[in-house]
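Protein sequence lines, in the order shown, are assigned to chains X and W. Numbering-wise (our numbering), the first sequence opens with residue 2 and increments by one. Numbering-wise (our numbering), the second sequence opens with residue 4 and increments by one.
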Amino acid sequence: MNTTGRKYAFYGSILIASLIAPWALSAYQTQLAFLWVMVVFALTWDLVGGQMGYTSFGNVVFFGIGMYVTAIIQRNMHFDIEEYVHVAGAVETLKPSEYLAGLLSGMGLGGIVAVVIAAILGALILGMGMRGQYFGICTLGLTVAAGELASGWEYIGAGSGLVTPVFPDGLGERGAFFYYIFFLLAGVTFITLKWLYSGRFGLAINAIRDDEDKAEAMGIHTSKYKIVAWCISAFFLAIAGGGMGHLIGFIDPTEVAFAGATFGVWMILMAILGGKGTLWGPVIGAIIFHITQELFWTYLFGWQRVAMGALIIGIVVFFPLGIMGWMRERWPERFGYRVEKNSVLNASKGGQV
Amino acid sequence: MSYQQLEVRSVCKRFGGVVANNNITLSVPQGSIIGLIGPNGSGKTTLFNSIVGYHPIDKGYIRFEGREISSMRVPKIARMGLLRTFQQTHIYGKMTCVQNMQISVPHTSGGFRAMFSKYPPEVTDKAESLLEFVGLYMKRHLMAGDLSFGQQKLLEFAMALMNEPKLLLLDEPTAGINPTLINGLIERLKRTNADLGITLFVIEHNMRAIMNLAEHIYCLAHGELLTSGPPDQIQNDQQVIDAYLGAK
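Structure follows, in structure tokens:
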């Protein structure tokens, strides 16, 4: 089989396996749905943290924003706000079409709101030239601040959180429904990033990662690239958040939406485990991480957080390059890093050495 | 002589109490190769940084092609065609040589169309022929960070050419390069100037190289302009010799 054929076979088998997975493993539909969210986490974090080299602890903010925006749209479209808050969401079930309309418009709007906020924050933080550890600490502050703000804002349920409407009958199984939504989202995210990395955008953010002073000295519009990269990351994260809020059913401001200590850290670890700065690394990292985590919960219950901590340390100490990064060091030729035999471009041009 | 492409007038730059540049006035005519020499710490690199907008200057002004650039930022000045290379090499270490070259195209448009564009084959062809020009064609698919220091220096030079500058400021282009390769590099610099019409303004410690290359040389000492003139005059100038040997 030639290369193109192999590529189609590869992507085709992934597609088929992904489509039948919720039925083949029907007991794990919700876990599988989470898996695709993890893939989106790792991919979007890697765009900023891996490909661009800006270690962000604040990407989870956009996830939370999407989650809240979607839930609020859903609530305000169909219910009386006072009553909804009073009975904590225990109102009559929505029709499937209403539920879908609220969910999809909420996810779309959530994505837009997150992009606007990312652009404003980006202009303030990235546009002012904040780099390295300072950027990391600043984004950590964003996560904490967002959690605190949400905990104090009555309109969005404050500290007692926000309940999303009950999943209606007529949309199939809840787990499978969200599985396909997140699978689609992860697929679109992957394809978008693959396309971005293959052109000028990818090279520009790689250049910023490797040497931002040089990138500036060469006239690259560094601030613009950085802000746009953050906005793209925020967009997909917010959509994931919108779906996740509806899947979990309850939005806690610091434990679910702006969960810096869990989702916020996991997205970094998954990207590092798989190999940051690579396209497939975050996907592989997310799958391994999620499966390991589920196994910990099943077989090490009571010690699962300790095991998780040990895993985190293990990843950072022994796998700083990640799986793809390690493979690239080990077999550089397979990744296209090679020395050519010919020292001249074209013999007739008569180039000199 | 043709018109002055770069004009530096009475530029002062202080870092706290240290006067790095004091009242420097010089000019670079279009199409020329001008040298800048001086002992370590005499303010050469500071002057380069001032010109390209890396830090604001305290006094005086800098004009490039008649436009005042004293208060512009680095990327904007670079996009006008005034480019610099660094004393310590600055390349994109985790990208291949070809990628290093591809991203070094002139970034004239900052629109979304340009940001998300692909590279046309002409860009890759040009990248490869410039890599051949500096003798890195064989290694074009290696990570730039894996090249030796001298090769990185050559790559950085090729990247600068890819950007199609009008005026190129080179900070010690021969430092760290194998002596036998220096002649080849000097030859390439001359060809760049003659064939591509790029003006060169070069900081250099290698006296033999700069005397061979430049048509006019400025000498700095202790942050001030000591003297200037054609190479043979500078070579025999007692002030210059004293500055280098620490007399006075």
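The C-beta atom is built at its ideal place from N, Cα and C for all residues, glycine as well. Bear in mind the structure is a predicted one, so any value in this text is a computation, not a measurement.
Going by DSSP, what residue range makes up the alpha helix (DSSP H) through H291 (chain X)?
What you label residue 291 (chain X) is simply residue 290 of the first sequence in a count that begins at 1. Its alpha helix (DSSP H) spans residues 282-300.
With 16 as the cutoff for other CB atoms within 10 Å, does K16 (chain W) come out buried or exposed?
As a working mapping, residue 16 (chain W) is identified with position 13 in the second sequence. Note on K16 (chain W): 16 or more other CB atoms within 10 angstroms of its CB, so buried under the neighbour-count rule.
Beta strand (DSSP E) segments (min. 3 residues) lying fully within the region 31-115 of chain W:
Scanning the region 31-115 of chain W for uninterrupted beta strand (DSSP E) segments of 3 residues or longer gives 36-40, 62-67, 85-87, listed from N- to C-terminal end.
Step through the CB atoms of chain X and report whether any lies within less than 7 Å of the CB of H144 (chain W).
The sequence position of residue 144 (chain W) within the second sequence is 141, counting from 1. Answer yes: the Cβ-Cβ gap between H144 (chain W) and chain X drops below 7 Å somewhere.
Which term fits W37 (chain X), buried or exposed, when burial requires 16 or more other beta carbons within 10 angstroms of its beta carbon?
Taking the first residue of the first sequence as 1, we reach residue 37 (chain X) at position 36. Sixteen is the threshold: when 16 or more other Cβ atoms of the shown chains lie within 10 Å of the Cβ of W37 (chain X), as they do, the residue is buried.
Can you look up K350 (chain X) in the DSSP assignment and give me helix, strand or coil?
On the first sequence, residue 350 (chain X) is found 349 positions in, with the first residue counted as 1. Because K350 (chain X) sits at a pLDDT of 44, beneath the cut-off of 50, its placement in the model cannot be relied upon, and the following sentence gives the value as read from the coordinates. In the structure shown, K350 (chain X) sits in a helix (DSSP, three-state: H, G or I).
Given a limit of 8 Å on CB to CB distance, which residues of the region 186-211 of chain X reach chain W?
Identification of residues in the region 186-211 of chain X having a C-beta nearer than 8 Å to some C-beta of chain W yields L197, S199, G200, R201, F202, L204, A205, N207, A208, R210, D211, given in sequence order.
Tell me, please, whether the CB atom of I228 (chain X) is closer than 7 Å to any CB atom in chain W?
As a working note, residue 228 (chain X) is residue 227 in the first sequence. Among the residues facing chain W, I228 (chain X) is not included, as its CB has no counterpart in that chain under 7 Å away.
Can you have a look at P78 (chain W) and say buried or exposed, based on whether 16 or more other CB atoms are within 10 angstroms of its CB?
Counting from 1 along the second sequence, the entry for residue 78 (chain W) is found at position 75. Answer is buried; the Cβ neighbour count reaches 16.
Same chain, Cβ closer than 8 Å to G200 (chain W), five either side skipped, listed in chain order
To locate residue 200 (chain W), count along the second sequence from 1; it is residue 197. Excluding residues within five positions, the ones whose Cβ falls inside 8 Å are G34.
Taking C-beta to C-beta, are N196 (chain W) and S107 (chain W) nearer than 7 Å?
The residue labelled residue 196 (chain W) in the question sits at position 193 within the second sequence. The residue labelled residue 107 (chain W) in the question sits at position 104 within the second sequence. Result no, Cβ atoms of N196 (chain W) and S107 (chain W) do not sit closer than 7 Å.
Once you ignore the five residues that flank F89 (chain W) on each side, which residues in its own chain have a CB closer than 8 Å to its CB?
Numbered from 1 along the second sequence, position 86 holds the residue referred to as residue 89 (chain W). Cβ within range, chain order: E159, D174.
Around the C-beta of A18 (chain X), are 16 or more other C-beta atoms found within 10 angstroms, so that it is buried, or is it exposed?
Counting from 1 along the first sequence, the entry for residue 18 (chain X) is found at position 17. A18 (chain X) is exposed by the Cβ-count criterion.
Three or more C-beta pairs under 8 Å: does that hold for the region 273-286 of chain X against the region 47-55 of chain X?
Between the region 273-286 of chain X and the region 47-55 of chain X, the count of Cβ pairs shorter than 8 Å is three or higher; the stretches touch.
Would you mind working out which of W:I94, W:R12, W:H110 sits nearest F67 (chain W), comparing C-alpha positions?
The residue you call residue 67 (chain W) lines up with position 64 of the second sequence. Comparing alpha-carbon positions, the option among W:I94, W:R12, W:H110 lying closest to F67 (chain W) turns out to be W:R12.
At the level of alpha carbons, what is the spacing between A187 (chain X) and D212 (chain X)?
Within the first sequence, numbered from 1, the residue matching residue 187 (chain X) stands at position 186. Within the first sequence, numbered from 1, the residue matching residue 212 (chain X) stands at position 211. Spanning the two alpha carbons is a distance of roughly 30 Å.
So if DSSP puts T230 (chain W) in a beta bridge, which residue, or which two residues, is it bridged to?
Numbered from 1 along the second sequence, position 227 holds the residue referred to as residue 230 (chain W). In the DSSP output, where bridge partners are listed per residue, T230 (chain W) has W:C222.
Beta-carbon separation of F202 (chain X) and M118 (chain W) under 7 Å?
Working through the first sequence from its first residue, we reach residue 202 (chain X) at position 201. Working through the second sequence from its first residue, we reach residue 118 (chain W) at position 115. Yes, the pair counts as a contact, with Cβ atoms nearer than the cut-off.
Looking at the C-beta of P176 (chain W), does it have a partner C-beta in chain X at a distance below 7 Å?
Taking the second sequence and counting its residues from 1, one reaches residue 176 (chain W) at position 173. No - not a single Cβ of chain X is within 7 Å of the one on P176 (chain W).
Chain X within 7 Å of I37 (chain W), Cβ atoms only:
The count along the second sequence starts at 1 and reaches residue 37 (chain W) at position 34. Proximity of I37 (chain W) to chain X, defined by a Cβ-Cβ separation below 7 Å, is not satisfied.
Could you spell out where the alpha helix (DSSP H) holding W264 (chain X) opens and where it closes?
Here the question's residue 264 (chain X) lines up with position 263 in the first sequence. As written in the sequence, residue 264 (chain X) is Phe, which differs from the Trp given in the question. First-last for F264 (chain X): undefined, no H or E at that position.
Own chain residues within Cβ distance below 7 Å of I40 (chain W), not counting five before or after:
Taking the second sequence and counting its residues from 1, one reaches residue 40 (chain W) at position 37. In the same chain as I40 (chain W), and ignoring 5 residues on each side of it, the C-beta atoms closer than 7 Å to its own belong to E207, I213, I220, C222, in chain order.
Counting beta carbon pairs with one atom in the region 94-108 of chain X and one in the region 190-208 of chain X, are three or more of them shorter than 8 Å?
Not touching, per the Cβ criterion.
D47 (chain X) lies in the alpha helix (DSSP H); which residues open and close that run?
Translated into the one-based positions of the first sequence, residue 47 (chain X) becomes position 46. Counting along the chain, the alpha helix (DSSP H) containing D47 (chain X) begins and ends at 30-47.
Taking the continuous alpha helix (DSSP H) assigned at D214 (chain X), which residues delimit it?
As a working mapping, residue 214 (chain X) is identified with position 213 in the first sequence. Where D214 (chain X) is concerned, the enclosing alpha helix (DSSP H) stretches over 213-218.
Taking only beta-carbon atoms, is N239 (chain W) less than 7 Å away from chain X?
Within the second sequence, residue 239 (chain W) is the residue found at index 236, counting from 1. So, not an interface residue.
Compare the C-beta of M98 (chain W) against all C-beta atoms of chain X and say whether one is closer than 7 Å.
Reading the second sequence from its first residue, position 95 is the one you call residue 98 (chain W). When Cβ-Cβ separations below 7 Å define contact, M98 (chain W) makes contact with chain X.
State yes or no: is the beta carbon of G275 (chain X) nearer than 7 Å to at least one beta carbon in chain W?
For the purposes of this step, residue 275 (chain X) is taken as the residue at position 274 of the first sequence. Under the Cβ criterion of 7 Å, G275 (chain X) is not counted among the residues facing chain W.
Minimum Cβ-Cβ distance from M118 (chain W) to chain X less than 7 Å:
As a working note, residue 118 (chain W) is residue 115 in the second sequence. Put simply, the CB of M118 (chain W) is near chain X, with a gap under 7 Å to one of its CB atoms.
When we look at the beta-carbon of I237 (chain W) and count the other beta-carbons within 10 Å, is it buried (16 or more) or exposed?
On the second sequence, position 234 is the one that residue 237 (chain W) refers to. I237 (chain W) should be labelled buried.
How about T45 (chain X) and L238 (chain X): are their beta carbons less than 7 Å apart?
Numbered from 1 along the first sequence, position 44 holds the residue referred to as residue 45 (chain X). Numbered from 1 along the first sequence, position 237 holds the residue referred to as residue 238 (chain X). Yes, these two residues count as a Cβ contact at 7 Å.
Residues from the region 163-187 of chain W in contact with chain X, defined by Cβ distance under 7 Å:
Closer than 7 Å at the C-beta level to chain X, one finds these residues of the region 163-187 of chain W: N166.
So, with DSSP's three-state summary, where would you put D128 (chain W)?
As a position in the second sequence, residue 128 (chain W) is number 125, starting the count at 1. D128 (chain W) falls in the helix class under three-state DSSP.
Can Q7 (chain W) be considered in contact with the ligand GDP, in the sense that its beta carbon sits closer than 6 Å to one or more heavy atoms?
Ligands displayed in this structure: none; no statement on the ligand GDP is therefore possible.
Does G113 (chain W) have its Cβ less than 7 Å from a Cβ in chain X?
Residue numbering aside, residue 113 (chain W) sits at position 110 when the second sequence is read from its first letter. G113 (chain W) counts as touching chain X.
Helix, strand or coil at M4 (chain W) according to DSSP, with G and I counted as helix
The residue given as residue 4 (chain W) occupies position 1 in the second sequence. Note that M4 (chain W) scores a pLDDT of 46, beneath 50, so its modelled location is shaky; the value from the coordinates is reported in the next line. Coil at M4 (chain W), not helix or strand.
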